Each structure stands twice: as structure tokens, then as C-alpha cells.
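Visitor: One structure follows; several queries about it will come next.
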Amino acid sequence: MPGVYTMTTPAGDKPLKERPLKDRPWLIRTYAGHSTAAKSNELYRTNLARGQTGLSVAFDLPTQTGYDSDHPLARGEVGKVGVPISHLGDMRTLFDGIPLDRMNTSMTINAPAAWLLALYIATGESQGVDRAKLQGTTQNDIIKEYLSRGTYIFPPESSLRLTADTIGFTYREVPKWNPMNVCSYHLQEAGATPMQELAFALANAIAVLDAVRARGQVPEADFPQVVGRISFFVNAGIRFITEICKMRAFAELWDDITLNRYGVTDAKQRLFRYGVQVNSLGLTEQQPENNVYRILLEMLAVVMSKNARARSVQLPAWNEALGLPRPWDQQWSLRLQQIVAFETDLLEYGDIFDGSAEIARKVESLKAEALAEMQRIADMGGAVAAIDSAYMKQRLVESNLKRLAAIESGEQTVVGVNAFTEGAPSPLSGSDGSILTVDADVESGQIERLNAWRAGRDSDAVKKALADLASAAKEDRNVMPASIACATAGVTTGEWTETLRAVFGEYRAPTGVARAAGVTDGRLEAARREVETVSRRLGRRIKILVGKPGLDGHSNGAEQIAVRARDCGMEVVYEGIRLTPERIVNAALEESVHVVGLSILSGGHVSLVRDVMEGLREAGIGDVPVVVGGIIPPADAELLIKAGVSRVYTPKDFDLTQIMRDIVGVVDSAWKEAA
3 MPGVYTMTTP AGDKPLKERP LKDRPWLIRT YAGHSTAAKS NELYRTNLAR GQTGLSVAFD
63 LPTQTGYDSD HPLARGEVGK VGVPISHLGD MRTLFDGIPL DRMNTSMTIN APAAWLLALY
123 IATGESQGVD RAKLQGTTQN DIIKEYLSRG TYIFPPESSL RLTADTIGFT YREVPKWNPM
183 NVCSYHLQEA GATPMQELAF ALANAIAVLD AVRARGQVPE ADFPQVVGRI SFFVNAGIRF
243 ITEICKMRAF AELWDDITLN RYGVTDAKQR LFRYGVQVNS LGLTEQQPEN NVYRILLEML
303 AVVMSKNARA RSVQLPAWNE ALGLPRPWDQ QWSLRLQQIV AFETDLLEYG DIFDGSAEIA
363 RKVESLKAEA LAEMQRIADM GGAVAAIDSA YMKQRLVESN LKRLAAIESG EQTVVGVNAF
423 TEGAPSPLSG SDGSILTVDA DVESGQIERL NAWRAGRDSD AVKKALADLA SAAKEDRNVM
483 PASIACATAG VTTGEWTETL RAVFGEYRAP TGVARAAGVT DGRLEAARRE VETVSRRLGR
543 RIKILVGKPG LDGHSNGAEQ IAVRARDCGM EVVYEGIRLT PERIVNAALE ESVHVVGLSI
603 LSGGHVSLVR DVMEGLREAG IGDVPVVVGG IIPPADAELL IKAGVSRVYT PKDFDLTQIM
663 RDIVGVVDSA WKEAA
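Residues in the sequence shown are numbered from 3 upward in steps of one, following the numbering used here.
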């Protein structure tokens, strides 16, 4: 039989065992999307031609947070970290020439997941594809958005209702679709330990499934089908053995939860099905070529253990700590996957870790710790209550503090950062073309197309579709049918979101900064003395405003700066994410701050920083120094310094205590100049 090993007895009796020559490899993806739908479509088709077997769509921040490209908050953010999708026309362009009945598409979208799924269904139907044939995943894990990435829109209860609606709709109408990826990936990026990643993700999954059951849209007899379509999206860090054990622990805990909490008796419906992108948090700006080895080791952690092997894998590019990767960088990551899948013998064997006492001990330890933490969350009333109380957010901020403190002290070695720092310059990252830059005219072009779309649609059909959507939301009906009708009528992303905002309201999650326990060491004491000295000169304590302008919700850096500034003795103003430049300027004026710190990781730093600085000048406080942190290429850093920014910090500046001392110096210099 072709492709099958046949093992016989020495006497040539009947075959004892037959098994496939190789297991099927995981879905091979790259997380991609930028500039425009047309540019992203070109990239997708190129990657598919090079052997990629599934798509993973990155949306820009306005799309992720439910704004059209011409909204004031979208300024500087359009097309930067993903593709802008404002309406059905954009979605059709994105998948032009890609047959959706033969594609498995993952969409990293959360708060407006119901909307983007509606657009995808409508796009498939415009290709003549029955929705029942569509395969793929919407991330749709809104709970972790309140803890990590910050692309939430509505309050937790309303957001859970939307997630439950997509699940209740897809299990009947789009049965091959995974309506939710319980996403622990971003929890690890926010600082979660392996135990926290296990506990928080599983607590989030329980909250969602309980919400689906409470909605009453799924008959109890069908509930195992719903459970069987829930998938996970996880992270794999550099601690190779621990990550293998974490994945095995995930599989065993999920099997137990689905059997004993939800009564799922079919073992296939209890499988822990997960996709993975390996850790981006650990990628370094220093000696960035070393990231290739980190990415490979992290990938092996999620494919080597057959019983807990990823169903799909997407790898970051080696240079993502520097900026947006080029197509060649993505190709390099794609080739890494293909070498492991097709050149090695990894897929020819069973689970090589079964029977290992060391692995078993670590798995049991992780499970016990995770179960204890899940019980603490359950005692609070579940994951939503633990968000409202800031418990989970506070724990993540503290874990990240400890991680950074360990790197600063040298307790945790990071090659090229705090050890083995001497080396030759990298020829890979030495030129201006070493990262992809988004053209400045992308935003204006997208807005022109958006206006043309609005002008060419049937306005009466749009009004009717939006009225039906509002009625569905108010009457507690499933919003998916009305959302698909909105997509077909030509409704825009911003209009869909605004309609639901009017029903559900908006929400600002707790920052977790105020009560987070900080760190103490000798270097911190020296920084405190400097803060005291300069504060006495000023006549009051140094006050810093930490602001996040634009739509970037990755608040880890801002939170760490805010806590370290507090621990150094400064007064800290931090209002969380998604602030307009006007709001930041107003806060700086009202709070009489001595320095403004801006954190931007979305690529919109140049325009957003300029807007803030112009606002400070117009408000009569242009002498307040501004410092900026983020993933900022050298050329942009020079532009910001020329524009008057006092300091620019990038991922290579990992020593937070030294940053605090720099900022004290900046404040002191500004005071002396003013005096």
C-alpha cells in the first residue's frame, strides 16, 4: 500500500501493524496584512505560491477597534499594523482570486469579530461559495483584550454576548468554522507565566462557554458540537521544556474540563485544538539575527510532542523588533516551517515524551498551580469579575515587572542584550531597506476609496440594515443575520460599531498599575535619591504623564514605565490606552506635569507625536519635555529628535531604572533652562 509501513513477523505472517508513513503537517501560515487590501492580497497570493497552506489576516488598529479609516482616532494608524477593512469592497479585494471554499483563513479580530465574520461570509457568497463550506477561525477572545492588547470596544458582558452570538450562529450555519480562538498568546506577551497562561486562558474559555449556554441559543444536546469547535491560540516562549509541558498540561486540563464540566463524551470533541505564533516579546533589537534561533526553538516546543501538537503554526519574522517585516523576511520564516515539516523525520514518530518521568512531573506541577489559580478566579465570580476587580491585569503587570527586573539584574540571560553583547554589526539589518515601510499616502488613498464606497451604495438599504441591527441588539436576538445583511447592504465598519455602541455603551478597563507590587534593589534606591534631589529644586515632586495616543492597545511598556516611575518616587498620571492627542495635552495642562512620556508600538509614532507636541505648544506648555518609546526605526527616531523630542527609547533600552534616571535628567535640564 503506497505511503504505509507494513511490519510483518519473521515468518512472513499477516501484517502486525500498519501506520501512515508520516503524519500530516500542521497548517503553515504567516501573520500578514498591511497598507491596503490590494497590497495584502498580492502578499497572500505570493505566500500561497511559495507553499503556505493557510492564511492569517492581520487587521489594522482602526479595523480592530471598530473605526472607519477617516475617524479622528484612526489618524496615523491606517494600514500600519495590518490591512484596513472598512466595508465589503475591501474584503472582496483582500481575497480576490483566492477561492474561499479551498482556503483555511484565520482572522485575528476580537471586538468586531461578528462584523468581520459577516463580511467574510458575504465575500464567500459573492464568490458563489456556500457558507457551510467556509473553513477558518475568528479569534473572538474578547476577555483577554481587557488584559493585554486592549482592542475592546464594549463592556465585558455585552462583548461576551456578541461572542456567544457568533458561536451560536456558526455551529449551525458555518459548521467548519472555529468561531473562537481562546487566546493565551497575548497573555504571555503581557507577561503571563506558564501557569497564568494556563489558568487565565482556561478561565476565559469557561466564561465564554457558560455565556453560550446561558444565551439559550444552543440546545443542550448540541452543546458538545459547540465545545468541539472551540480552538485555542497560544504562545511558545524560549524555555523549551517548560513550553512542551505547558502544551501537554493544556491538553489534559481541557480534556478534563470538557468531560466533567460540560459532559462531552466524544473524545474527538474534547481535543485541545490549537494554533500558535511563537513569542514576539522575546525578540531582540540587539543582534536581531539571533532571533532566528529563538523562533526555531520556540516552534519545536509546540510541534515535537505529538499528543499536544499545534494544528497550525505562524512564525514571526526575525526583524519584528525593528519594524514591519518584508516579504523576504516572511519567506524565511515560512521556509523554517517547511524544513521542519518536510526535511526532518519529526512527523514519522509517536509522542517521544510519553513515559518521561521528568516531563510528567512538570506537567503535573503546572496543572496543580493552574487549577489553584482557576479556583481563585472562580471564587471571585469568574473571569469577568476578575477583570472588573483588576485582579488578572494586576497579576500580569506584576509578572512582567519581575521578568524585566530579572533581565536588568542579569538573573535572566538574554544573549546580545545583557550577556555576550560584543559582536560584529549585522549585515542583515544595516541598510535603510531592512524593514518594510508603509507609504505615507496609504491613509489618504484608503479614505478616498471609503468615500467613493459610501457615495456609490444604496443609502436607504444601509439605513434599513442598520435599523435591523439595532433592533436585534435591543431585542436580544442573535446579531449575526443582521450583520450579514449590513455587510451586503454596504454598511461600513464604523457604522456597524457605532450602531452597537449606541445600544451597549463603551468601556475603559482597569490598568492594573495602581496596586501592582513593584521591585526594589540598590539601583532603584539611587534613582529615588535623584528624584528627591530634583523634586526639591522644583518645589514639588516630579510628575510624569504616561500617555498612549492613537489606537495602540499594547500597554505593557507604558504600564512598566508607570510602575517604575512610581517606585522611583515620581507622581504618575496614567489613564490607560486609546487617548487622543488633545486628551493627552489637556491632561498635561490640568495636572501640571513636568514631563510627558508617549508609548506607541503601532508605527503611527511620527504623526501622533507631532500632534501632541503641536498641542502642547498651542496650550502654552511647549516647554514641557516629551520622551517617546516604541518600535521606532532609527530614521524615525532622528525625525522625532529634530522635532524636539528629548529622548527616544526602543526595545534595546530594556533597563527601566536607567530610563527613569534619564527622565529625571531631562526634567532637571528643562527646569534649569526655564530658570
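Cβ atoms here follow ideal geometry from the backbone N, Cα and C, with glycine treated the same way.
In this text the structure is predicted, and so the values were computed from the model without any measurement.
Could you check whether HIS607 and VAL628 sit closer than 8 Å to each other, using their CB atoms as the reference points?
Guide: Counting from 1 along the sequence shown, the entry for residue 628 is found at position 626. Counting from 1 along the sequence shown, the entry for residue 607 is found at position 605. Cβ distance not < 8 Å, so VAL628 and HIS607 don't count as in contact.
Visitor: Quick test of the definition: if touching needs 3 or more C-beta pairs under 8 Å, does the stretch 82 to 100 touch the stretch 596 to 611?
Guide: Taking 8 Å as the limit for Cβ pairs, the verdict is that the stretch 596 to 611 does touch the stretch 82 to 100.
Visitor: If we count the other Cβ atoms within 10 Å of its Cβ and call it buried at 16 or more, is ASN558 buried or exposed?
Guide: Taking the first residue of the sequence shown as 1, we reach residue 558 at position 556. Under this definition ASN558 is a buried residue.
Visitor: So the alpha helix (DSSP H) ILE30 belongs to, where does it begin and stop?
Guide: The residue labelled residue 30 in the question sits at position 28 within the sequence shown. Premise fails: ILE30 lies in the beta strand (DSSP E), 29 to 31, not in any alpha helix (DSSP H).
Visitor: Alpha carbon to alpha carbon, how far is SER108 from ALA116?
Guide: Against the sequence shown, residue 108 aligns to sequence position 106. Against the sequence shown, residue 116 aligns to sequence position 114. Rounded to the nearest angstrom, the two C-alpha atoms are 14 Å apart.
Visitor: Could you tell me which residues DSSP puts in a beta bridge with ARG649?
Guide: Translated into positions along the sequence shown, residue 649 becomes position 647. Its beta-bridge partners are VAL629.
Visitor: Could you tell me which residues DSSP pairs with SER685 in its beta bridges?
Guide: Outside the shown range of the chain (3 to 677) lies residue 685, about which nothing can therefore be said.
Visitor: Is the beta carbon of ARG31 closer than 8 Å to that of GLN54?
Guide: Counting from 1 along the sequence shown, the entry for residue 54 is found at position 52. Counting from 1 along the sequence shown, the entry for residue 31 is found at position 29. Against a cut-off of 8 Å, the Cβ pair of ARG31 and GLN54 comes out as a contact.
Visitor: Are the CB atoms of GLY507 and PRO226 nearer to each other than 8 Å?
Guide: For this step, residue 507 is matched to residue 505 along the sequence shown. For this step, residue 226 is matched to residue 224 along the sequence shown. It is not a contact, given that the beta carbons lie outside the stated cut-off.
Visitor: Note down the Cα distance separating GLN137 from LEU502, rounded to an integer number of angstroms.
Guide: For this step, residue 137 is matched to residue 135 along the sequence shown. For this step, residue 502 is matched to residue 500 along the sequence shown. If I take the Cα positions, the gap works out to 27 Å.
Visitor: Where in the stretch 153 to 237 do unbroken runs of the beta strand (DSSP E), each at least 3 residues long, occur, reported from the N-terminal end onward?
Guide: Taking only runs of at least 3 residues, the beta strand (DSSP E) segments lying wholly in the stretch 153 to 237 are 183 to 185, 233 to 236.
Visitor: For ALA528, list the residues DSSP reports as bridge partners.
Guide: Here residue 528 corresponds to residue number 526 of the sequence shown, with the count starting at 1. Paired residues: none, contrary to the question.
Visitor: What whole-angstrom Cβ distance do ILE389 and TYR148 have, given they're in contact under 8 Å?
Guide: As a position in the sequence shown, residue 389 is number 387, starting the count at 1. As a position in the sequence shown, residue 148 is number 146, starting the count at 1. Confirmed, Cβ separation roughly 5 Å.
Visitor: Measuring CA to CA, which of ASN309, PRO221, VAL386 is closest to ILE354?
Guide: Here residue 354 refers to the residue found at position 352 of the sequence shown. ILE354 has its Cα closest to that of ASN309, out of ASN309, PRO221, VAL386.
Visitor: Taking the beta carbon of MET662 as the centre, do at least 16 other beta carbons fall within 10 Å, making it buried, or is it exposed?
Guide: In the sequence shown, residue 662 corresponds to position 660, counting from 1. Classification of MET662: buried, given that the 10 Å Cβ count is 16 or more.
Visitor: When we look at the beta-carbon of PRO181 and count the other beta-carbons within 10 Å, is it buried (16 or more) or exposed?
Guide: Walking along the sequence shown from the start, residue 181 turns up at place 179. By the neighbour-count rule (16 or more Cβ atoms within 10 Å), PRO181 is buried.
Visitor: Looking only at its chain, what residues have a beta carbon closer than 6 Å to the beta carbon of TRP316, apart from the 5 residues adjacent to it on each side?
Guide: As a working note, residue 316 is residue 314 in the sequence shown. Strictly speaking, residue 316 in this sequence is Gln, with Trp absent from that position. Contacts found: ARG31, THR32, TYR33, SER58, GLN279.
Visitor: Counting C-beta neighbours from all protein chains within 10 Å, is the total for THR267 16 or more, i.e. buried, or is it exposed?
Guide: Taking the first residue of the sequence shown as position 1, residue 267 is located at position 265. Burial call: exposed.
Visitor: Which word fits LEU397, buried or exposed, when buried means at least 16 other C-beta atoms lie within 10 angstroms of its C-beta?
Guide: Within the sequence shown, numbered from 1, the residue matching residue 397 stands at position 395. The residue asked about is misnamed: residue 397 is Arg in this sequence, not Leu. Per the 10 Å Cβ criterion, buried.
Visitor: Could you tell me if GLU561 is buried or exposed, where buried requires 16 or more neighbouring beta carbons within 10 angstroms of its beta carbon?
Guide: The sequence position of residue 561 within the sequence shown is 559, counting from 1. Buried: at least 16 other Cβ atoms inside 10 Å.
Visitor: Are the stretch 206 to 218 and the stretch 415 to 426 in contact at 8 Å, needing three or more beta carbon pairs?
Guide: Not touching, per the Cβ criterion.
Visitor: Using the DSSP secondary-structure output, state which residues sit across from GLU573 in a beta bridge.
Guide: Locating residue 573 in the sequence shown gives position 571, counting from the first residue. For GLU573, which the question treats as bridged, DSSP gives the partners LYS545.
Visitor: Give me whichever residues DSSP pairs with GLY599 in a beta bridge.
Guide: By 1-based counting over the sequence shown, the position of residue 599 is 597. In DSSP, GLY599 forms a bridge with VAL548, VAL629.
Visitor: Ignore the nearest five residues each way along the sequence and tell me which others in VAL229's own chain have a CB closer than 8 Å to its CB.
Guide: Start at 1 with the first residue of the sequence shown, and residue 229 comes out as number 227. Cβ neighbours of VAL229 beyond the five flanking positions: LEU211, THR260, TYR264, VAL266, GLN271, ARG272.
Visitor: Is the stretch 579 to 598 close to the stretch 533 to 553, with three or more CB pairs under 8 Å?
Guide: Yes, they touch.
Visitor: Can you check which of these residues, ILE155, GLN129, GLY277, LEU164, is closest to GLY1 by C-alpha distance?
Guide: In the structure displayed, the chain extends from 3 to 677; residue 1 sits before or after that span and is not available.
Visitor: Would you please state the rounded distance, in angstroms, between the beta carbons of LEU326 and LEU438? I believe it to be under 8 Å.
Guide: In the sequence shown, the residue the question calls residue 326 occupies position 324. In the sequence shown, the residue the question calls residue 438 occupies position 436. Right, their Cβ atoms sit about 4 Å apart.
Visitor: Am I right that ASN183 and PHE252 are in contact with their C-beta atoms under 8 Å? What's the rounded C-beta distance?
Guide: By 1-based counting over the sequence shown, the position of residue 183 is 181. By 1-based counting over the sequence shown, the position of residue 252 is 250. About 13 Å; that fails the 8 Å criterion.
Visitor: Terminal residues of the continuous beta strand (DSSP E) containing SER314?
Guide: Position 312 of the sequence shown, counted from the first residue, corresponds to residue 314. Here the beta strand (DSSP E) through SER314 covers 314 to 316.
Visitor: Which runs of the beta strand (DSSP E) fall wholly inside the stretch 32 to 65 and span at least 3 residues, in chain order?
Guide: For the stretch 32 to 65, whole beta strand (DSSP E) runs of length 3 or above, ordered along the chain, are 57 to 59.
Visitor: Would DSSP call THR95 helix, strand or coil?
Guide: The sequence position of residue 95 within the sequence shown is 93, counting from 1. DSSP places THR95 in helix when its eight states are reduced to three.
Visitor: Since ASN106 is in the beta strand (DSSP E), which residue starts that stretch and which ends it?
Guide: Numbered from 1 along the sequence shown, position 104 holds the residue referred to as residue 106. Taken as a continuous stretch (DSSP letters only), the beta strand (DSSP E) holding ASN106 covers 106 to 109.
Visitor: Between MET9 and MET376, what straight-line distance do the alpha-carbon atoms span, to the nearest angstrom?
Guide: One-based indexing of the sequence shown puts residue 9 at position 7. One-based indexing of the sequence shown puts residue 376 at position 374. Bear in mind that a pLDDT of 29 at MET9, under 50, signals an unreliable position, so the model cannot answer this.
Visitor: In whole angstroms, what separates the C-alpha of VAL444 from that of SER37?
Guide: Within the sequence shown, numbered from 1, the residue matching residue 444 stands at position 442. Within the sequence shown, numbered from 1, the residue matching residue 37 stands at position 35. Going from the Cα of VAL444 to the Cα of SER37 covers about 6 Å.
Visitor: Using the C-alpha atoms, what's the distance from GLU175 back to PHE61?
Guide: In the sequence shown, the residue the question calls residue 61 occupies position 59. In the sequence shown, the residue the question calls residue 175 occupies position 173. Roughly 25 Å separates the two Cα atoms.
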